[in-house]
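Asker: Just so we're aligned: the sequence shown equals residues 1 to 141 in the UniProt record's numbering.
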Amino acid sequence: MKKVLKNIVPSLIIALIIFNLFGLIMDVVNKDGLNMQKYQYTKMLIGCLCIGIGFGLPAIIYDVESIPLSIKTIVHMGIGISTYIIVSIIVGWLPININIYGIIAIVIGQFLISFFIWYLFMRYHRTLVKKMNERIKELNK
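1. What residue does the alpha helix (DSSP H) around Asn30 start on, and which one ends it?
2. With a Cβ-Cβ cutoff of 8 Å, do Gly52 and Leu112 count as a contact?
3. Helix, strand or coil for Glu65 per DSSP?
4. Enumerate in chain order the residues of its own chain whose CB-to-CB distance from Leu89 is below 8 Å, with the five nearest sequence positions on each side excluded.
5. What residue from Ile8, Asn35 and Lys72 has the CA that sits closest to Gly54's CA?
6. Using a Cβ-Cβ cut-off of 8 Å (strictly less than) and excluding sequence neighbours within five positions of Ser114, which residues of its own chain qualify?
7. Enumerated in chain order, which unbroken segments of the beta strand (DSSP E) with a length of 3 residues or greater are wholly contained in the region 42-87?
8. Counting along the chain, where does the alpha helix (DSSP H) carrying Gln110 start and finish?
9. Ignore the nearest five residues each way along the sequence and tell me which others in Ile61's own chain have a CB closer than 7 Å to its CB.
As structure tokens, this is what we get:
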């Protein structure tokens, strides 16, 4: 349970930060504030939390040593991005009434953001492992 929370909590935090940044940008762009009705904000917030869980929960796969990193990444990102697409259609972030190029652009944008965040986490963990290995070598001398 602790490992699951360790994966979900950072994902929820990142999802909430992105949600609020986009909300801020949309508020500034619209200049007259965000006009939401019929629990639209609540739906979007719940959607944001679902996306955070959708990316955080499958990250537990990285603890399975017998699976190659490439497969782990495909499974993790496949579940996360699928969750994002489904939730974004439900809450209206991905309007299905626009042309196919608009939908593709939005999905590619999310794909790039997701892999950028994944890349930052990967670099952080590799640096951490490198420091730990160096410390172990020092202690063994």
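Note that beta-carbon positions come from the ideal geometry of N, C-alpha and C, so glycine has one too. Treat the numbers as computed from the prediction; the structure is a model and nothing was measured.
Answerer: So, from the listed chains and residues:
1. Lys2 to Asn30
2. no
3. coil
4. It is Ile, not Leu, that sits at residue 89 in the sequence shown. Cβ within range, chain order: Ile96.
5. The option with the nearest alpha carbon to Gly54 is Ile8.
6. Once the five neighbours on either side are set aside, the close Cβ partners of Ser114 are Phe55, Met77, Gly80, Ile81 and Tyr84.
7. Within the region 42-87, no complete beta strand (DSSP E) segment of 3 residues or longer occurs.
8. Ile100 to Asn140
9. Ile67, Lys72, Val75 and His76
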